[in-house]
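> Chains as they are written, first to last, in this note's numbering: chain B, 1 to 523; chain R, 1 to 420.
For each residue, glycine too, the CB sits at the ideal point set by N, CA and C.
Treat the numbers as computed from the prediction; the structure is a model and nothing was measured.
Structure below; questions to follow.
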């Protein structure tokens, strides 16, 4: 019997999806695009209750259009779905519309099957309209039970940061083995993204009590990560799709909001439970963007700025009480008023005291712009922005960084190898590799314009600023100064120096994130 | 007319330590000369403050020119006030005194920030600082003794980090702050050569520090002693001090136990008497040490009685296991013309040179040997007594102070105080 075609569309990765039903157990489907013939790369079957059969009559067949000869324009080509001698024409306009239609009016089982293919990354539907439709349909959908005679699934942690990086940790035990994997989607109001799920990756000897009711392997823990391409506008939910569950979307779990550092700590702890190092990397990578931009200076309209003012973005990595001395030390070099943004979540008494004490001694004036771990663009831009950790600012020569009448950007860095064997190219490489201590000074407007291009995917703003400084250095847009000091000590205080469960601090965590993004880019 | 403000980290009316006593004696002496002088001390912490101050009270006056500030307790690592409003108050108070000369004895409880701001506000005033100990160099109570117990010979960021268990960068900042602070003073004074050398080794430019002993007024006429008195005194040894670990009282007790263990019969009985410490506080501090029979606790004494009490002994023992600087007990022993048996380090070695016996620091065997070498030896006692020169008196101190700090002797007559 010929396959009945319901929907056909092309996804973001040039995969043609055809959905429908057939009574054939193994339908020999193909797609003709003009003269080219494509065989399916995947055929997924599912039960459809509307056909009044418990057999998996439903079909979603996927055809990769990347195999088409060069020059074939899918929007204009003649397309047929073929099975034996039967040809069924596919109108080109459906290719762009049917995905939304399926989500809107497709029967539940087809919709759920589509979601599984998206969760397993066989289909990519990233446009916001479709995402919004999926979210709307799921909003009213009932959740499957966590424990049935066929499976038990638990969620220990399901958290996401404000920027849309999320992690789920839990365990799953089916009653019987299945070829179908456990998979998941992260869903918010306008976006749906697949979760990189690692079922059976974590040792959980404590679950042995569930045997023999469910299959106990000793490695029944799972971890998963995701990353929304832009900052979510509202709360998110996780849809865990359990193998064999065709009539419900899956187990819906609310996602808790988490601070980035708390999430990182949980990810670190979870990662330590994953024996396979490569899988640890997969978990972390899933929470990160696929690539990093290369910020390029652009011509900006002249913003409103206070030319004599300096905004100091300070990661105070010394004892809180030492803030006053760090600020006092730069006081004599300031061309005008100093505005301070302290990269701390909040001010405590010692920090407030330090700022107030310094303000009594800095004749140019000192004003606290804010205290938070993130950098925000001020309403009135300063003439110059300087970023540094306190330890560097205290041990580097402040005169260069705060000198008035600077035109371009200045990067001052401490490069112990470079002091012996110089060379700008190698210095740039070591800058990233060795996390060299640095300070950045540049025009306020340029600073914020460039920073806007760098995603908020790191724990520290320093990781973003390091990318910015590196881009400037690579492009020759920054003057480099080597801090010629034979003795340098790193600061060990403040939130960024706190260690996670694996002994690494926030900076090291960010370095690992960057390494994973770059590795994914190369792959 | 020149107004002098003497500022001390403590007030001797509340706490009797060497630095504050030296500061207060200087104040009293200048006052007796009719000079326009103020004294500003401080309580050292919230416990003391709570005893004497009302909840909102910032200052207590012991006289129209004698004040004690409310100390909230200052972290000697930072030497800064925990609350900027306390610094504001002290700064304003010191500024209001409008001194031409500000002489600081220590800067703890006063605050580095206070002094920096005062210096900036009064660029023409003369700022003097007497270094009474090594706090600027050493964050371990300024004693240059490592927490492991061994003596420390020089500070460095890494060594100090290992000792005090803070990151090395903290010591970079601390030293920078302390060097900057000392640079603010027109004159730095030290009561000992030892202290001067330590500061110069640390980074203060040679020649910046002038050594002037603390002044101590004393009776010049001491009745000559008979041979019988000398013989009796040659068996009498004494300790004056507190039951703190660095004063080395445990070393002395162990030395006494070693002597007693020899079971020698002495013609002249040997006794060691402990002043300033009672038996209970000693036992609390060193519960495992047995007390030999020759040791007797005499309890606390009035500071003004110290010289007279010392005169009753043949030898005063100072067994401190830290460097000491210029201990007042050495000056008092000189005033009493009583020779000393002292640890062979730092200010003790320097100040007892020529008229005292020295033994290897923290070594009870060496101390026992030193005691036995002079016990029952009136000739040796007389010989050492003869070598003692009297300590610098307050008039002598004031003279040296004015000369070293280039201060014109002020004409007599005190500037009338508003409301006084």
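For residue 109 of chain R and residue 71 of chain R, which I take to be in contact (beta-carbon distance under 8 Å), what is that distance rounded to the nearest angstrom?
4 Å between Cβ atoms; contact.
> Whose C-alpha, out of B:159, B:233 and B:331, is nearest the C-alpha of residue 128 of chain B?
The shortest C-alpha separation from residue 128 of chain B is found at B:233.
> Quick check on the DSSP output: what are the complete beta strand (DSSP E) runs of length 3 or more inside the stretch 66 to 104 of chain R, in order along the chain?
Segments of the beta strand (DSSP E) lying fully in the stretch 66 to 104 of chain R: 66 to 69.
> Assuming the contact rule is C-beta atoms closer than 8 Å, residue 144 of chain B and residue 245 of chain B should be a hit. Round their C-beta distance to whole Å, please.
Contact holds; Cβ gap of about 5 Å.
> What residue from R:186, R:317 and R:395 has the CA that sits closest to residue 215 of chain R's CA?
Of the candidates R:186, R:317 and R:395, the one whose C-alpha sits nearest the C-alpha of residue 215 of chain R is R:395.
> Check for me: the beta strand (DSSP E) holding residue 176 of chain B runs from which residue to which?
Run containing residue 176 of chain B: none; DSSP gives neither H nor E here.
> Along the stretch 182 to 207 of chain R, what residues have a CB closer than 8 Å to any CB found in chain B?
Answer in chain order: no residues at all.
> Pairing CB atoms from the stretch 364 to 375 of chain R with CB atoms from the stretch 254 to 264 of chain R, are three or more of them under 8 Å?
Cβ pair count under 8 Å is three or more, so yes.
> Residue 490 of chain B CB to nearest chain R CB: under 8 Å?
For residue 490 of chain B, the answer is yes, since a Cβ of chain R falls inside 8 Å of its Cβ.
> Measure the C-alpha to C-alpha separation of residue 13 of chain B and residue 65 of chain B and round it to an integer number of angstroms.
Approximately 9 Å between the Cα atoms of the pair.
> Can you grab the Cα-Cα spacing for the pair residue 462 of chain B / residue 262 of chain B, in whole Å?
Each residue's Cα considered, the two are about 18 Å apart.
> Which residues of chain R have a Cβ atom closer than 8 Å to the Cβ of residue 361 of chain B, listed in chain order?
Residues of chain R passing the Cβ test: 113, 116, 117 and 120.
> Just to make sure I have the definition right: I need the residues of chain R whose C-beta is within less than 9 Å of the C-beta of residue 376 of chain B. Which are they?
Those within 9 Å of residue 376 of chain B in chain R number zero; the least Cβ separation is about 27 Å.
> Can you check whether the CB of residue 185 of chain B is closer than 8 Å to the CB of residue 224 of chain B?
No, these two residues do not count as a Cβ contact at 8 Å.
> Taking C-beta pairs closer than 7 Å, name the residues in chain B that residue 425 of chain R reaches, listed in chain order.
The displayed coordinates of chain R run from 1 to 420. Any statement about residue 425 of chain R would go beyond what the structure contains.
> Cutting at 7 Å between CB atoms, please list the residues of its own chain near residue 186 of chain R, excluding the five before and the five after it.
Excluding sequence neighbours, residue 186 of chain R sits near 126, 127 and 128.
> Within 8 Å of any Cβ in chain R, is that where the Cβ of residue 408 of chain B sits?
Not closer than 8 Å to any Cβ of chain R, the Cβ of residue 408 of chain B fails to qualify, so no.
> Are at least three pairs of beta-carbons, each pair with one atom in the stretch 95 to 105 of chain R and one in the stretch 330 to 345 of chain B, less than 8 Å apart?
No, the stretch 95 to 105 of chain R does not touch the stretch 330 to 345 of chain B.
> So is residue 180 of chain B in contact with chain R if we call contact Cβ pairs under 8 Å?
Closer than 8 Å: no.
> Thinking just about the alpha-carbon of each residue, which of R:23, R:158 and R:199 is nearest to the one in residue 106 of chain R?
The option with the nearest alpha carbon to residue 106 of chain R is R:23.
> Using a Cβ-Cβ cut-off of 8 Å, state whether residue 353 of chain B counts as contacting chain R.
Cβ-Cβ to chain R under 8 Å: yes for residue 353 of chain B.
> Is it right to say residue 449 of chain B is buried, meaning 16 or more other beta carbons lie within 10 angstroms of its own, or is it exposed?
Per the 10 Å Cβ criterion, buried.
> Could you check whether the Cβ of residue 501 of chain B sits closer than 8 Å to any Cβ belonging to chain R?
No, because no Cβ of chain R sits closer than 8 Å to the Cβ of residue 501 of chain B.
> Any contact between the stretch 242 to 257 of chain B and the stretch 157 to 164 of chain B? By contact I mean 3 or more CB pairs, one from each, below 8 Å.
Cβ pair count under 8 Å is three or more, so yes.
> I want to verify the contact list: residues of chain A whose CB lies under 8 Å from the CB of residue 324 of chain B, in sequence order.
Protein chains B and R are contained in the structure displayed, whereas chain A is not.
> Using only CA atoms, which one of R:359, R:295 and R:326 lies nearest to residue 133 of chain R?
Measuring from the Cα of residue 133 of chain R, the nearest candidate turns out to be R:326.
> Spell out a yes or no on whether the stretch 152 to 166 of chain R and the stretch 130 to 144 of chain R are touching, meaning 3 or more CB-CB pairs, one atom from each, closer than 8 Å.
Yes, the stretch 152 to 166 of chain R is in contact with the stretch 130 to 144 of chain R.
> Going by Cα to Cα distance, which pick from R:407, R:392, R:41 and R:226 is closest to residue 7 of chain R?
Among R:407, R:392, R:41 and R:226, the Cα nearest to that of residue 7 of chain R belongs to R:41.
> Rounded to a whole number of angstroms, what is the C-alpha to C-alpha distance between residue 419 of chain R and residue 64 of chain R?
In this prediction, residue 419 of chain R has a pLDDT of 41, which is less than 50 and means its spatial position is unreliable; what the coordinates show is noted afterwards. Roughly 9 Å between the two C-alpha positions.
> Relative to chain B, which residues along the stretch 161 to 173 of chain R have a C-beta separation below 9 Å, given in chain order?
Those would be 161, 166, 167, 168, 169, 170, 171, 172 and 173, in chain order.
> By the criterion of Cβ-Cβ separation under 7 Å, what are the contact partners of residue 498 of chain B in chain R?
Chain R residues near residue 498 of chain B: none, gap ~14 Å exceeds 7 Å.
> Which residue marks the beginning of the alpha helix (DSSP H) containing residue 323 of chain R, and which one marks its end?
Premise fails: residue 323 of chain R is in no alpha helix (DSSP H) and is neither H nor E.
> Which whole-angstrom value is the C-beta distance of residue 103 of chain B and residue 137 of chain B, which I expect to be below 8 Å?
So it is a contact: roughly 6 Å between Cβ atoms.
> With DSSP as the reference, label residue 123 of chain B as helix, strand or coil.
It is coil, neither helix nor strand.
> Put residue 222 of chain B into one of helix, strand or coil per three-state DSSP.
It is a strand residue.
> Residue 472 of chain B: which of B:400, B:427 and B:34 sits nearest, CA to CA?
Answer by Cα proximity: B:427.
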